[in-house]
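Colleague: The numbering of the sequence shown is this note's numbering, which starts it at 2 and goes up by one.
Sending over a structure as structure tokens; questions will come in a sec.
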Amino acid sequence: MALYYCGLSDKRAPIALRERLSFPKSRVEELDARLARTPGVLGCVLLSTCNRTELYCSCEGERWPDGPALLCRAAGVEEAPFQGAFRTLTGTAAARHILEVAAGLRSRIWGEDQILSQVREALTLARRAGAADSVLETLFRTAVSAGKELKTKVRLTGVSPSAAARAVEVLRERMGDFTGTRALVIGNGEMGRLAARLLREAGCAVTVTLRTYHHGETVVPAGCAAAPYEARYRLLEGMDLLLSATASPHYTISREEFQAVERPPKVLVDLAIPRDIAPEVGDLPGIALYNIDTLGCSVERAVPPEGEAILEAAMERFREWEGYRESLPAIEEVKHAVLERVRAGDLSGMEADEAAALAVEKTVELLAGSLKGCLTAEDLERCARKIRAHTRS
2 MALYYCGLSD KRAPIALRER LSFPKSRVEE LDARLARTPG VLGCVLLSTC
52 NRTELYCSCE GERWPDGPAL LCRAAGVEEA PFQGAFRTLT GTAAARHILE
102 VAAGLRSRIW GEDQILSQVR EALTLARRAG AADSVLETLF RTAVSAGKEL
152 KTKVRLTGVS PSAAARAVEV LRERMGDFTG TRALVIGNGE MGRLAARLLR
202 EAGCAVTVTL RTYHHGETVV PAGCAAAPYE ARYRLLEGMD LLLSATASPH
252 YTISREEFQA VERPPKVLVD LAIPRDIAPE VGDLPGIALY NIDTLGCSVE
302 RAVPPEGEAI LEAAMERFRE WEGYRESLPA IEEVKHAVLE RVRAGDLSGM
352 EADEAAALAV EKTVELLAGS LKGCLTAEDL ERCARKIRAH TRS
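As structure tokens, then:
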């Protein structure tokens, strides 16, 4: 299985490193196309989220690329600070890893929901870039399918389904009843909308900032007020909490301008990578600043037996597909060899049905004789059932 994985995640790298190697969607497609041209690489998928930046490659033989160097060059950063932060896997271990990632079992928020759509989107971007070969197409589709099945059938108790949900839990623990609490949410992407909706449902009066507004197109969570992004510092006045979740490469909140607010919120949550809120803001007196890493989730991270069974079944399906794909050239060779052997026989003077029967008989005998010691009666019975099923259909 010529699969290669190289990744940087919250397990080995703090947020200060991860944000330097984070790629927005607008760049992922371009990088997929570029990385797929690496010598020895037949296809690649780049997955970049808040918690991880991961490169998956299908390779020619075991001609593995230098993943850390490729990713650092793509981000325009020096490789030295990342020494020891990358994890690399090959073969079955790399395949198993993406299955666990898609199921949320490698996330800081154990079992989170959003990673499933992020894995699906990573494949879509690679496909659009012409970088996803049949191996990665099949692997990622298998991972998404297994992740959906695990989330549907397996209960992971005590788990927040997303970083936004975990943020609301932490805020509730700190602030208590949200009734009468005023919250400003910067960002109207998927994460920002989810956070705004959850805060509103918990009892907060929520205002969401928008960079642009198009009537009938821009979605603002029900019950939330909307305001221009440019007014964010003015809106901070008198707010109880701030949550920022944008895809901006720059800070949405700087220390200097935050300090200029007379009555700023005391509790801040940054759900973005790269970070939205300047880390120095958290050093100000009386300010509590949470980010993706400090939200955490203290639950037992053990996959239940039924979840393990789903993952192993998915791995087996992928192994079977991979084995069949690798055997296709040999199957073609056998077909031609058998055809030559049958044609060498004397079928002249026979009726069509009789000639066909003899050809089939010789073919089966040749195959069975060649695979003697490898086939069992059960294998042959399964093969016969498969042929009959196809005949009926």
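Where a beta carbon is used, it is the ideal one built from N, C-alpha and C, also for glycine.
(1) Would you give the residue range spanned by the alpha helix (DSSP H) that D33 belongs to?
(2) Going by beta carbon distance, what residues of the same chain come within less than 8 Å of R53, once the five residues before and after it are set aside?
(3) By Cβ distance, which residues of its chain are closer than 6 Å to F179, with the 5 residues on each side in sequence left out?
(4) Can you list, in chain order, the residues of its chain whose CB lies under 8 Å from that of V78, leaving out five sequence neighbours each side?
(5) Have a look at P25, L4, E366, Y5 and flag the residue whose alpha-carbon is nearest the alpha-carbon of V276.
(6) Of all the beta strand (DSSP E) runs that stay within the bounds of the segment 158 to 219, which reach a length of 3 or more residues?
(7) Can you check which of these residues, C51, A166, R28, is closest to A197 by C-alpha distance?
(8) List the endpoints of the continuous alpha helix (DSSP H) containing Y57.
(9) Taking the C-alpha atoms as reference points, what is the distance between T182 and G308?
(10) Inspect the beta-carbon positions of A390 and L100 and report whether they are closer than 8 Å.
(11) In three-state DSSP terms, what is L272?
(12) Report yes or no: do the segment 184 to 195 and the segment 235 to 248 share at least 3 C-beta pairs separated by less than 8 Å?
(13) Nearest-angstrom Cα distance between E281 and D294?
(14) Could you name the residues of the same chain whose beta carbon sits closer than 6 Å to that of D271, not counting the 5 residues immediately before and after it, in chain order?
(15) Select from L56, R264, R256, D380 the residue whose C-alpha is nearest the C-alpha of Y6.
(16) Identify whether L90 lies in helix, strand or coil by the three-state DSSP scheme.
(17) Could you check whether R201 and V220 sit closer than 8 Å to each other, using their CB atoms as the reference points?
(18) Taking A227 as part of the beta strand (DSSP E), name the residues at either end of that continuous run.
(19) For H251, which of K363, G239, A273, L242 has the nearest alpha-carbon?
(20) Would you mind sorting S59 into buried or exposed? The rule is 16 or more other CB atoms within 10 Å of its CB.
Modeller: Reading off the structure:
(1) Locating residue 33 in the sequence shown gives position 32, counting from the first residue. From DSSP, the alpha helix (DSSP H) with D33 extends over 26 to 36.
(2) Position 52 of the sequence shown, counting from 1, holds the residue named residue 53. Excluding residues within five positions, the ones whose Cβ falls inside 8 Å are G8, L9, S10, D11, R19, V102, R107.
(3) Here residue 179 is taken as the residue at index 178 of the sequence shown, counted from 1. Same-chain partners within the cutoff: A203, G204, C205.
(4) One-based indexing of the sequence shown puts residue 78 at position 77. Contacts found: R21, L22.
(5) Sequence index remark: in the sequence shown, residue 276 carries index 275 (1-based). The question names Val, but residue 276 in the sequence shown is Arg. Ranking P25, L4, E366, Y5 by Cα distance to R276 puts P25 first.
(6) 183 to 187, 206 to 211
(7) As a working note, residue 197 is residue 196 in the sequence shown. Among C51, A166, R28, the Cα nearest to that of A197 is on A166.
(8) Stepping through the sequence shown from its first residue, residue 57 is reached at position 56. First-last for Y57: 53 to 60, but that is the beta strand (DSSP E), not the alpha helix (DSSP H).
(9) Start at 1 with the first residue of the sequence shown, and residue 182 comes out as number 181. Start at 1 with the first residue of the sequence shown, and residue 308 comes out as number 307. Between T182 and G308, the C-alpha separation is close to 40 Å.
(10) Along the sequence shown, one-based indexing puts residue 390 at 389. Along the sequence shown, one-based indexing puts residue 100 at 99. No, Cβ-Cβ distance for A390 and L100 is not below 8 Å.
(11) Locating residue 272 in the sequence shown gives position 271, where the first residue counts as 1. Here L272 sits in coil by DSSP.
(12) yes
(13) Working through the sequence shown from its first residue, we reach residue 281 at position 280. Working through the sequence shown from its first residue, we reach residue 294 at position 293. Roughly 16 Å separates the two Cα atoms.
(14) Translated into the one-based positions of the sequence shown, residue 271 becomes position 270. Hits under 6 Å: S245, D277, I278, N292.
(15) Sequence index remark: in the sequence shown, residue 6 carries index 5 (1-based). Among L56, R264, R256, D380, the Cα nearest to that of Y6 is on L56.
(16) In the sequence shown, counting from the first residue as 1, residue 90 sits at position 89. Of the three classes helix, strand and coil, the one that applies to L90 here is strand, per DSSP.
(17) The residue you call residue 220 lines up with position 219 of the sequence shown. The residue you call residue 201 lines up with position 200 of the sequence shown. In this structure, R201 does not lie closer than 8 Å to V220 by Cβ.
(18) For the purposes of this step, residue 227 is taken as residue 226 along the sequence shown, with counting starting at 1. Start and end: 226 to 229.
(19) The residue labelled residue 251 in the question sits at position 250 within the sequence shown. Comparing Cα-Cα distances from H251 to each of K363, G239, A273, L242, the minimum goes to A273.
(20) Start at 1 with the first residue of the sequence shown, and residue 59 comes out as number 58. Buried, because 16 or more other Cβ atoms sit within 10 Å of the Cβ of S59.
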